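Heads up: the sequence shown begins at 33 in the numbering used here, then just goes up one per residue. Note that the Cβ used here is the ideal one computed from N, Cα and C, for glycine as well. Just so you know, these numbers come straight off a predicted model, no measurement behind them. First up is the structure itself, then whatever we jot down about it.
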Amino acid sequence: MYRFAKYKKHPFPEAVAVQASYESRYGASDIARNANNIFGIKARKNRNGIYGLNIYRAITKEETRDGKEEYFYQNFESFENLEENWMAYMRVINRDRYVRNGLKEAKTNKEYITALKKGGYATEDDYINHLVLIIKRYKDLGLFY
């Protein structure tokens with residue numbers, strides 16, 4: 033995903049690659065394998081309260097405000113391929129709730145991830161720190177150039 037994000041001229045290909053890896057458990061998650069959804073994009077209802085045709089139902093773990101983990105079924109978007117998933121990811125991150133939280137002003141990977149977290153992309157308290165640490169490890173290994 034790093035090379036793809038770089039090819040697509042995303043300003044933070046390292047953050048995108050690590051986010052996709054983390055969200056999909058390095059491609060091993062149920063939704064990554066069965067729905068081509070490596071970013072964990074949840075399905076949304078339309079104006080009539082109906083989900084689209086391409087949904088995949090899976091068990092997900094969410095962290096509550098008091099730090100507890102809860103498991104429950106959730107509807108996720110399902111994609112034909114990773115290119116479709118990429119296009120959906122770009123639509124998602126350009127939503128107002130992320131832009132309002134500094135996505136367009138981000139100058140570092142950490143600021144980019146922070147804007148996503150503040151906008152509600154992830155519920156895990158340590159989401160930012162986990163992703164930033166993984167980026168550092170990958171850079172130290174020479175995986176990002």
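The C-beta distance from E95 to E156 rounds to 5 Å, short enough to meet the 8 Å contact threshold.
Nearest to N66 by C-alpha distance, out of F44, Y153, P43 and F108, is F108. By the criterion of at least three beta-carbon pairs nearer than 8 Å, the region 71-91 is in contact with the region 50-59. With respect to the 7 Å criterion, Y34 and A49 are classified as neighbours on the basis of their beta carbons. Linking K93 to F104 through their CA atoms gives a straight-line distance of about 7 Å. Between the region 141-151 and the region 76-94, the count of Cβ pairs shorter than 8 Å is below three; the stretches do not touch. A check of alpha carbon separations from V131 across K150, A120, M119 and W118 identifies K150 as the nearest.
Taking 7 Å as the cut-off, the Cβ atoms of S110 and Y88 count as close. Under DSSP, the beta-bridge partners assigned to T92 are F104.
Under a 10 Å Cβ-count criterion, Y177 is classified as exposed, with fewer than 16 other Cβ atoms of the shown protein chains found around its own Cβ.
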